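Below is one structure; the comments refer to it alone.
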Amino acid sequence: MSELWSEGYFTDVGYTYGYYREISPVFQRFCLLVRGYETNVTADAQHCELGFGQGVSVNIHAAANPGAYIATDFNPSHSAHANKLAVAAGSGAQLYDDSFEQLLERSDLPQFDSISLHGIWTWVSLENHKYIAEFARRYLKPGGIFYVSYNCFPGWSPAYPLRQLFALHDRYVASQSGVNQRVESALMFTKKLLAANPLYAKAVGNLDGRLDGMMKQDRNYLAHEYFNREWNCMYFSDVVDALAPAKLDYVATAVPLDNVNAVNISADGADFLNQIDHSILREQTRDYFVNQQFRKDLYLRGAVSLNPVEQRKKLLLTSFVLLQHVDKVSLSITGVLGKISLQEAIYKPLMAVLSDDNYSPKSLKNIMLSLPKIEYRMLLQALVVLVGMGAAAPCQSDAAARQVQKHCDSLNSYICDCSEFCGDIQALASPVIGAGVAVGRFQQLFLRSRKAGKKLPQEWAEYVWQVLVSQNQRLIKEGKTLETEEENLKELIKQAETFSSEQLPLLKALRVA
Ligand SMILES: C[S@@+](CC[C@H](N)C(=O)[O-])C[C@H]1O[C@@H](n2cnc3c(N)ncnc32)[C@H](O)[C@@H]1O
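Rendered as structure tokens:
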């Protein structure tokens, strides 16, 4: 029956359960502030997400941020799953199964402070682009934030014809079989085509590598990514044009590492870009230098730049927290230009300060007081890099964190309970950062056991082992199934001990544990 409502969108299997921090209001605020823009998201803010998939991100954000959430995904199974999480959290999030067109027709919607869509734009029709732009025109407040991510040119130009082959093969050959088979046979058809050396492959190069990369990915993900009727990859400047009727101005990237030219743009490239006055032409041209294939963009409805002194003042008041154990943070990053080492003289003392006092959040102002020899500009850049790497996160105010603690606890309990049966959701809500943190299935079960009063890693491991035994499951280590109880317990105890010494202190600071 889904063809009656699916508009050619792939609905034969549900979407994956990923969490995306880019939709977090706290993260968005930080990305905007780094680029010198203020946002006026208050405690009674209204947030909207379009196309929430299984609803992991929307529920984590609704639980972990003050304000109200309204969101939609037209797949009723997605919406049903997302609503279960919302009820468990008690966040009051209103999650519909309206299409974007239907949402536009509602008469009960407020004006929003933010509208976000992740992984939607490329996979819906041009008509839906118009509904989305019209939705923002009608419902986004002046000063409101609009977040959109999408596949783009020029990065996708070489492989665009591959996706066309998948879609055609699916349409003419495989559309009646099961999902796995459909995806598999389209991939094999394409692999054989490349093996027959078409001139296209010669002209483009490295298509085998690209296809091999795709072949390693989850089949449900591939189905949603490449087997929709619609696949509208676009240039950045075309998206700017499509959103112009909603009075949206492109202002910032939601990829913090994009702010670090040293890993992304050569000196010649940076010189070239600096000579371009027009901001849209400059940003579009940058995509040629980095061969951009996926963008995560933040727009404002009416961009008001902060003066540099105001910007600095707001950044100084922003607090940060580590998300990785201080000894586990990598001292190198990889950008378009390759790998660069981070300056130990800055990063080591910065991380030592961030890990002080059991990893409690620290404002940039206090970090500066602790590290008077490192100048503001260097510290800010280092924090942007740590956030970009996912090793740290910006925080919301303590008052906001306290306000949402209960909803986070309820949602996290529910997710940890579910981990008894499956490991689909691999993130929990942190009130401190107004966002999700990665926590795997076994670690969720360790938390559950700890909550049930078990104090020692050995006890947490035994608890997980009982869960696995009851479902006839075993651990897999380095591709090999661990068969005996002894082997499984030994590995679980090792994991529980690492959890206790490395992850638990962070989860306590993030008020997840
Ligand atoms: C690629 S998934 C991304 C989901 C989620 N944002 C994420 O990143 O995990 C796209 C989602 O958009 C939903 N969708 C597609 N077209 C839609 C439409 N016209 N109206 C509402 N939802 C739609 C699909 O059901 C699907 O869950």
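Start counting the sequence shown at -3; every next residue gets the next number (our numbering). From the three backbone atoms N, C-alpha and C, an ideal C-beta is built for every residue, glycine too. For clarity, every value in this text was computed on a predicted model and none was experimentally measured.
If you draw a straight line from the Cα of residue 305 to the Cα of residue 361, it is about 14 Å long. Residues whose Cβ lies closer than 6 Å to any heavy atom of ligand 1, listed in chain order: 3, 5, 11, 14, 16, 47, 48, 49, 68, 69, 70, 71, 74, 95, 96, 114, 115, 116, 119, 120, 124, 220. The DSSP assignment places 245 to 249 as complete runs of the beta strand (DSSP E) inside the stretch 178 to 254, in order along the chain (cut-off: 3 residues). With 16 or more other Cβ atoms from the protein chains shown falling within 10 Å of its own Cβ, residue 210 counts as buried. Taken in chain order, the whole beta strand (DSSP E) runs of length 3 or more contained in the stretch 319 to 355 are 328 to 331, 334 to 337.
In the displayed model, residue 358 falls within a strand according to three-state DSSP. With a cutoff of 9 Å on beta-carbon distance, residue 374 and residue 325 are scored as not near each other. Within the model, the alpha-carbon separation for residue 409 versus residue 356 is close to 23 Å. Residue 125: member of the alpha helix (DSSP H) spanning 122 to 135, first to last residue.
Distance from the CA atom of residue 414 to the CA atom of residue 105, rounded to whole angstroms, is 32 Å. Residue 67 is bridged by DSSP to 45, 91. For residue 109, the uninterrupted beta strand (DSSP E) run begins and ends at 108 to 113, by DSSP. Secondary structure within the stretch 381 to 453: the alpha helix (DSSP H) runs of 4 or more consecutive residues, fully enclosed, are 394 to 414, 437 to 447 (chain order). Counting other Cβ atoms within 10 Å of its Cβ, residue 335 stays below 16 and is therefore classed as exposed. The beta carbons of residue 91 and residue 131 sit about 16 Å from each other, so the pair does not count as a contact at 8 Å.
Of 141, 495, 358, the smallest CA-CA separation from residue 438 is found for 495. In the three-state DSSP reduction, residue 157 falls in the helix class (H, G or I). For residue 284, the enclosing alpha helix (DSSP H) stretches over residues 275 to 286. As the crow flies, the alpha-carbon of residue 265 is around 18 Å from that of residue 249. Residue pairing by DSSP leaves residue 468 without any beta bridge partner. For residue 369, there is no enclosing alpha helix (DSSP H), as DSSP marks it with neither H nor E. The stretch 448 to 468 and the stretch 274 to 291 do not touch, with fewer than 3 CB-CB distances between them shorter than 8 Å.
Look at residue 363 here: in three-state DSSP terms it is helix.
Residue 213 has its alpha-carbon roughly 15 Å from the corresponding atom of residue 187. In the structure shown, residue 300 adopts coil according to DSSP, grouped into three states. Contact between the stretch 34 to 52 and the stretch 69 to 86 is present: 3 or more CB-CB pairs across the two stretches fall below 8 Å.
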